[in-house]
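Q: Below is one structure. I have some questions about it.
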Amino acid sequence: MLTYVVRRLLYGVLTFFGITIAIFLLVHSVPGDPITFYAGSHGPSSLSHAVLAEIRHAHHLDEPVLQQYGWWLRGILTFDFGTSFIDHRPVTQRIAERLPNTLILNVIAFLVAAAIGVPIGLWSAAQSGRPIERASAVTFFLLYSLPSFWVALLLMQLFAVRLNVLPLFGMTSDEYLDLGGMMKLADRARHLILPVITLAYAQLAIFARFSKSALTEVIRQDYITTARAKGATNSAVLWRHGFRNALIPLITLLGITLPYLISGSVIVEQIFQWDGIGRLYFEAILTRDYPTVLGLSVATAVATLMASLLADLLYIAADPRIRLEAR
Amino acid sequence: MSDVRGGMWALTWRRFRRSKLAVIALIYVGFVSALAMAAPFIAGSKSTPIPFGPNDVDVAHRLHPPDAQHRFGTDELGRDVLARMIHGARVSLTVGLLATIMALIVGCFFGAIAGYYGGVADWLVSRLIEVVLCFPLLFLALAIVAFFGPSIWTIMIALGLTTWTSEARYVRGEFLRIREMEFAYAARASGAKDSRIIFRHLLPNALAPVLVSASFGVAYAILTESALSFLGLGVPLPTATWGSILATAKQFIDYAWWLVVFPGVAIFLTVAAFNIIGDRFRDALDPRSE
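As they're listed, the protein sequences go chains A and B. All residue numbers for the first sequence refer to this note's numbering, where the first residue is 886 and numbers rise by one. All residue numbers for the second sequence refer to this note's numbering, where the first residue is 7 and numbers rise by one.
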């Protein structure tokens, strides 16, 4: 078991280097160098060749590729992602400012999706073979196939335009600063509703499908047949033996859903003008703010790596059978 | 399993056909494909059934709600939404198909190497897959498309390069299973080269689960292409795409409901159809289903 944990951690370190190499190579294969693009955006010939060479030197862009990678990697390992081309502030600081907004949105959406999706999934697995089970399977599929930006537009049109009960976009109202304490909280909550629904519905389908197949898998096991043969009632079999074992694989969802969440954040934050890291990334892409793009790419990929590592370790902590297998 | 007339594919097809939903989805995909292929003959000029081209600007009729002349209304430049949607189907289906073929090629290549040779090759491919899985796909796709210039080709490459991992894992798993089978030994014993064994003997037998994953792949590619177009980083304007019509819809969300509803339904139905086909196809291949 210890060797498994150590091996998993070592693979994690390898994956980390793989991630940095992949991102570095991607950005390096972009035609034209960032300084030229940046200088060009300030109007032609606004900077002399000498100045450009100086900037290149300061960013190590005149050194061999391998050395450039070394400089960049050293920066990452010390949490120094460089400074933004746009406002010249440290990328780490820009990410740190926006992160709480993304977290609020995603944590709430994640909890809503889990709280609704998991019970629905378990329930529909328990209905195995009945028409309602097949109908719910199709419903999950349809939910999963809905484009999130379309759902966002429909929600905006219905609740913000037609019914005019919720704000169209933004994180707070214009008069937010004049509101009292409780009203401030209510205002923020009102702005959260539509983005949360947009983020949550597809995850809900993923949760439901995943927990459904987990329970279906458990029900096929011999010990469930044994429990039934002993004469345990259906509900006892499901509650005592089924659900508890079906919940264990859900831990792995932690690692699987994070990249989906981050991808979804770009779309949702852009539509609802929510100042999180998804929107920061999109703005950075459009303005070719390379340090911010690089920093956010590394940060999100490493976050996903950590989440899947954590999920794996939790998984073997929760399930003794795996501990035995992995030994 | 008593009835095995016509081999595995015929059996799979008979099982697949049993699902009404799957058949409807298949018919729908055929219908949209036909529309896409015949787009210039359906909506192109005065003499076609829909007498508007996708880029016929008519500022006098801008943002008109659906009526007898413009069945799905017009956009902010007075272009016919139905004509643009029929031409948009070409983009969606082309990108979906090409991106999936790309993912299939990359995925089959890595999966076959890992599954056939095992050992170091398998280890390396597994690490590579772990790295790719760490990236939020839309992040990567956005960066590739933005930095290399938005076009149907960069979108295809961006999607192909980021979505091959599930195909690779399926091929690897199948190869591990079938490389020990007698026909594989027979091929090896008769002195066939590795490349011949992989492509002529093993890959055709490993294809079924890969095609399931490819069907989901088409759905995902169409969804992502329309998201990229919606964000303004898809196939460049004025080419009509479903996603770019929705981007316009966002600007006029106050009243132009037809710009929201029709292209959205088109994306949804197409994505759902490919997902359903993949799901039922998987069920049909599963020997455990009766």
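Ideal Cβ positions, reconstructed from N, Cα and C, are used throughout, including at glycine.
Would DSSP call A1192/A helix, strand or coil?
A: If you number the first sequence from 1, residue 1192/A lands on position 307. Looking at A1192/A - three-state DSSP - the assignment turns out to be helix.
Q: Taking just the CA atoms, how far does V267/B sit from I92/B?
A: Taking the second sequence and counting its residues from 1, the one referred to as residue 92/B is at position 86. Taking the second sequence and counting its residues from 1, the one referred to as residue 267/B is at position 261. Taking the straight line from one Cα to the other gives about 15 angstroms.
Q: If you follow the alpha helix (DSSP H) that A74/B is in, where does it begin and where does it stop?
A: Numbered from 1 along the second sequence, position 68 holds the residue referred to as residue 74/B. Looking at the DSSP string, A74/B is not in any alpha helix (DSSP H), and its letter there is neither H nor E.
Q: Starting from the C-beta of G960/A, find all residues in its chain whose C-beta is less than 7 angstroms away, skip the five residues before and the five after it, and write them out in chain order.
A: Reading the first sequence from its first residue, position 75 is the one you call residue 960/A. Cβ within range, chain order: F966 and G967.
Q: Do three or more CB pairs link the segment 278-286 of chain B to the segment 25-37 of chain B at distances below 8 angstroms?
A: The segment 278-286 of chain B, when compared against the segment 25-37 of chain B, does touch it at the 8 angstroms Cβ threshold.
Q: Going along the chain, which residues of its own chain have a beta-carbon closer than 8 angstroms to the beta-carbon of R983/A, five neighbours each way excluded?
A: Here residue 983/A refers to the residue found at position 98 when the first sequence is read from its first residue. Same-chain partners within the cutoff: D1160, G1161, I1162, R1164 and L1165.
Q: Output needed for L1064/A: all residues of its chain with C-beta closer than 7 angstroms, excluding positions within five of it in sequence on either side, in chain order.
A: What you label residue 1064/A is simply residue 179 of the first sequence in a count that begins at 1. For L1064/A, where only same-chain residues beyond five positions count, the Cβ hits under 7 angstroms are D1072.
Q: At the level of alpha carbons, what is the spacing between D289/B and M187/B?
A: By 1-based counting over the second sequence, the position of residue 289/B is 283. By 1-based counting over the second sequence, the position of residue 187/B is 181. Going by the C-alpha atoms only, they are around 24 angstroms apart.
Q: Checking contacts by CB at 8 angstroms: is M7/B closer than that to chain A?
A: Numbered from its first residue, the second sequence carries residue 7/B at position 1. Residue confidence for M7/B is low, a pLDDT of 44 falling below 50, so the modelled location carries little weight; the figure read from the coordinates is stated next. It does not: the Cβ of M7/B has no partner Cβ on chain A nearer than 8 angstroms.
Q: Report the start-end ranges of each alpha helix (DSSP H) in the segment 122-148 of chain B that is 4 residues or longer and not cut off at the edges.
A: Listed in chain order, the complete alpha helix (DSSP H) runs (minimum 4 residues) inside the segment 122-148 of chain B are 125-139.
Q: When Cβ atoms are compared, which residues of the segment 1087-1108 of chain A fall closer than 8 angstroms to chain B?
A: Per Cβ criterion, the list is empty.
Q: If we ignore side chains and look at the alpha-carbon of each, how far apart do G19/B and I33/B end up?
A: For the purposes of this step, residue 19/B is identified with residue 13 of the second sequence, where counting begins at 1. For the purposes of this step, residue 33/B is identified with residue 27 of the second sequence, where counting begins at 1. In the sequence on display, residue 19/B carries Trp and not Gly. Using only the alpha carbons, I get a separation of about 14 angstroms.
Q: Which of the three DSSP states, helix, strand or coil, is assigned to P975/A?
A: Locating residue 975/A in the first sequence gives position 90, counting from the first residue. Looking at P975/A - three-state DSSP - the assignment turns out to be strand.
Q: Measure the Cβ-Cβ separation of A1131/A and L1031/A and say whether it is below 8 angstroms.
A: Along the first sequence, read from residue 1 onward, the residue named residue 1131/A stands at position 246. Along the first sequence, read from residue 1 onward, the residue named residue 1031/A stands at position 146. Not closer than 8 angstroms, so no.
Q: With distances taken between CB atoms, is the gap from S1013/A to I1104/A smaller than 8 angstroms?
A: Reading the first sequence from its first residue, position 128 is the one you call residue 1013/A. Reading the first sequence from its first residue, position 219 is the one you call residue 1104/A. Result yes, Cβ atoms of S1013/A and I1104/A sit closer than 8 angstroms.
Q: Which residue marks the beginning of the alpha helix (DSSP H) containing G240/B, and which one marks its end?
A: Working through the second sequence from its first residue, we reach residue 240/B at position 234. Segment: none, G240/B is in no alpha helix (DSSP H) and carries neither H nor E.
Q: Among R96/B, H67/B, D73/B and G13/B, which residue has its Cα nearest to the Cα of F37/B?
A: The count along the second sequence starts at 1 and reaches residue 37/B at position 31. Ranking R96/B, H67/B, D73/B and G13/B by Cα distance to F37/B puts R96/B first.
Q: DSSP three-state label for A1114/A, please.
A: Against the first sequence, residue 1114/A aligns to sequence position 229. DSSP places A1114/A in helix when its eight states are reduced to three.
Q: At a CB distance below 8 angstroms, what residues from the segment 71-90 of chain B approach chain A? Give them in sequence order.
A: Against chain A - using a Cβ distance shorter than 8 angstroms - the segment 71-90 of chain B contributes no residues.
Q: Below 7 angstroms CB to CB, which residues in the same chain sit around A42/B once its five sequence neighbours on both sides are set aside?
A: As a position in the second sequence, residue 42/B is number 36, starting the count at 1. Answer for A42/B: A95, R96 and L99, listed in chain order.
Q: Which same chain residues, not among the five before or five after D1174/A, have their C-beta less than 6 angstroms away from its C-beta?
A: For the purposes of this step, residue 1174/A is taken as the residue at position 289 of the first sequence. Excluding residues within five positions, the ones whose Cβ falls inside 6 angstroms are S969, F970 and I971.
Q: Is L157/B close to chain A, meaning its C-beta is less than 8 angstroms from at least one C-beta of that chain?
A: Reading the second sequence from its first residue, position 151 is the one you call residue 157/B. A small correction: the amino acid at residue 157/B is Ser; Leu does not occupy that position in the sequence shown. Chain A contact via Cβ: absent.
Q: Indicate whether I1141/A and V137/B have their beta-carbon atoms separated by less than 8 angstroms.
A: Walking along the first sequence from the start, residue 1141/A turns up at place 256. Walking along the second sequence from the start, residue 137/B turns up at place 131. Cβ distance not < 8 angstroms, so I1141/A and V137/B don't count as in contact.
Q: Using the Cβ count rule (16 or more neighbours within 10 Å means buried), how would you classify V898/A?
A: For this step, residue 898/A is matched to residue 13 along the first sequence. Under this definition V898/A is an exposed residue.
Q: Which two residues bound the contiguous alpha helix (DSSP H) that contains W19/B?
A: As a first step, residue 19/B is located in the second sequence; it is residue number 13 there, counting from the start. That run of the alpha helix (DSSP H) goes G13 to R23.
Q: Assuming Y1086/A is part of the alpha helix (DSSP H), what are its boundary residues?
A: Indexing the first sequence from 1 puts residue 1086/A at position 201. Segment G1066 to I1104, the alpha helix (DSSP H) holding Y1086/A.
Q: When you compare the CB positions of T987/A and C140/B, do they come within less than 8 angstroms of one another, or not?
A: As a first step, residue 987/A is located in the first sequence; it is residue number 102 there, counting from the start. As a first step, residue 140/B is located in the second sequence; it is residue number 134 there, counting from the start. For T987/A and C140/B, no; Cβs fall outside 8 angstroms.
Q: Are the CB atoms of I1109/A and D1204/A within a distance shorter than 8 angstroms?
A: Translated into positions along the first sequence, residue 1204/A becomes position 319. Translated into positions along the first sequence, residue 1109/A becomes position 224. No, they are not a contact pair.
Q: Does the beta carbon of S1021/A come closer than 8 angstroms to any beta carbon on chain B?
A: One-based indexing of the first sequence puts residue 1021/A at position 136. With 8 angstroms as the cut-off, S1021/A does not count as an interface residue toward chain B.
Q: Ordered along the chain, which non-local residues of its own chain (more than five positions away) have a Cβ less than 7 angstroms from that of V151/B?
A: Stepping through the second sequence from its first residue, residue 151/B is reached at position 145. Closer than 7 angstroms at the Cβ level, and outside the excluded window around V151/B, lie T160, I161, A164, L234 and L239.
Q: Have a look at the DSSP bridge pairing and note the partners of T80/B.
A: Position 74 of the second sequence, counting from 1, holds the residue named residue 80/B. Note: T80/B sits in a beta bridge opposite D86/B.
Q: Could you have a look at M7/B and say whether DSSP puts it in helix, strand or coil?
A: The residue given as residue 7/B occupies position 1 in the second sequence. Caution is warranted here: a pLDDT of 44 is assigned to M7/B, below 50, making its placement in the model unreliable, and the coordinate value is therefore given only provisionally. Coil at M7/B, not helix or strand.
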